[in-house]
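Numbering (this note's numbering), first residue to last: 3 to 239. For reference, the structure is listed below as structure tokens.
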Ligand SMILES: C[S@@+](CC[C@H](N)C(=O)[O-])C[C@H]1O[C@@H](n2cnc3c(N)ncnc32)[C@H](O)[C@@H]1O
């Protein structure tokens, strides 16, 4: 049994906001485990499911930051789940994070990095300074198997058109690696497409959230063949 299964009763339309972030996080932590007791920023934590998993399963201290979901709402969840000792909820914009430099051992961002990081130098300017030396960014986000911008099938545009054209945020792993670039300040220690793609999307469809039903309809039309979940682990040197 996967650790994520312990949280199954929370995989519903009240908490899920896309492909199941707990499944994606579990795979990332299997591949790159965090040290117990360290300080972690959960960036774009949504309704806090990934923060819960980090606190309970990785036993780390979490700052749970999100823009669309308020700190007050997430604090209610953390109290209910009895993890408020280990998670500090924060309402913040990733473009202007209210933390000291070199504060975090790790910054985890599951299904949210693509909303903020397509702008040039975002990683180097906004994320890297917050990490301690040897700290890591652990990122998993929906993307493309390969770049098809300019040559995309109509069904992909139709799928995302209703969602303020989120298509511009979808990119391949190669695109992300090139976009983040190379520097003597960090190294990409892992990059891969996640194996939990199917189970994560399937949990989302099962939630019957209205956006999930929309996504499911387009998966039935074949969009899944173009998509991946991009995984990156980047260490500050
Ligand atoms: C699809 S939701 C995923 C939430 C959560 N990680 C999960 O998977 O359940 C994307 C999240 O990115 C967050 N987000 C988008 N832009 C942001 C920004 N500029 N700063 C912080 N968070 C942001 C939103 O608030 C939202 O909760």
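All C-beta atoms in this analysis are idealised placements derived from N, C-alpha and C, irrespective of residue type, glycine included. All values reported here derive from a predicted model rather than from experimental measurement.
Check the Cα spacing between residue 98 and each of 79, 57, 124, 87: the tightest is with 124. When DSSP assignments are scanned along the segment 75 to 150, the uninterrupted stretches of alpha helix (DSSP H) that are 4 or more residues long and fall wholly within it turn out to be 115 to 118. Distances taken from the Cβ of residue 114 to the heavy atoms of ligand 1 include one shorter than 6 Å. A residue is called buried when at least 16 other Cβ atoms come within 10 angstroms of its Cβ; residue 222 does not meet this threshold and is exposed. Per DSSP, reduced to three states, the secondary structure at residue 37 is coil, with no helix or strand assignment.
By DSSP's assignment, residue 189 forms a beta bridge with 237. In this structure residue 41 does not touch residue 113 by the C-beta definition: roughly 22 Å separates them, more than the 8 Å allowed. Per the C-alpha coordinates, the member of 146, 176, 236, 81 positioned closest to residue 169 is 146.
Under the DSSP definition of a beta bridge, residue 230 partners with 145. As the crow flies, the alpha-carbon of residue 132 is around 27 Å from that of residue 21.
For residue 217, the distance from the CB to the nearest heavy atom of ligand 1 is not below 6 Å.
Following the DSSP letters along the chain, one finds residue 62 in no alpha helix (DSSP H), marked with neither H nor E.
Per DSSP, residue 161 is one residue of the alpha helix (DSSP H) stretching across 156 to 163. In this structure, the alpha-carbon of residue 45 lies about 7 Å from that of residue 66. Under a 10 Å Cβ-count criterion, residue 203 is classified as buried, with 16 or more other Cβ atoms of the shown protein chains found around its own Cβ.
When 85, 76, 219 are compared, the shortest CA-CA separation from residue 57 is found for 85. At a Cβ-Cβ threshold of 7 Å, residue 225 and residue 199 do not count as neighbours. 158 is the residue among 158, 185, 184, 183 whose C-alpha sits nearest the C-alpha of residue 172. Taken through DSSP and simplified to helix, strand or coil, residue 198 comes out as coil. Counting C-beta atoms within 10 angstroms of its own C-beta, residue 38 has fewer than 16 neighbours from the protein chains shown and is therefore classed as exposed.
In the assembly as shown, residue 144 is a buried residue. Its beta-carbon has 16 or more other beta-carbons within 10 Å.
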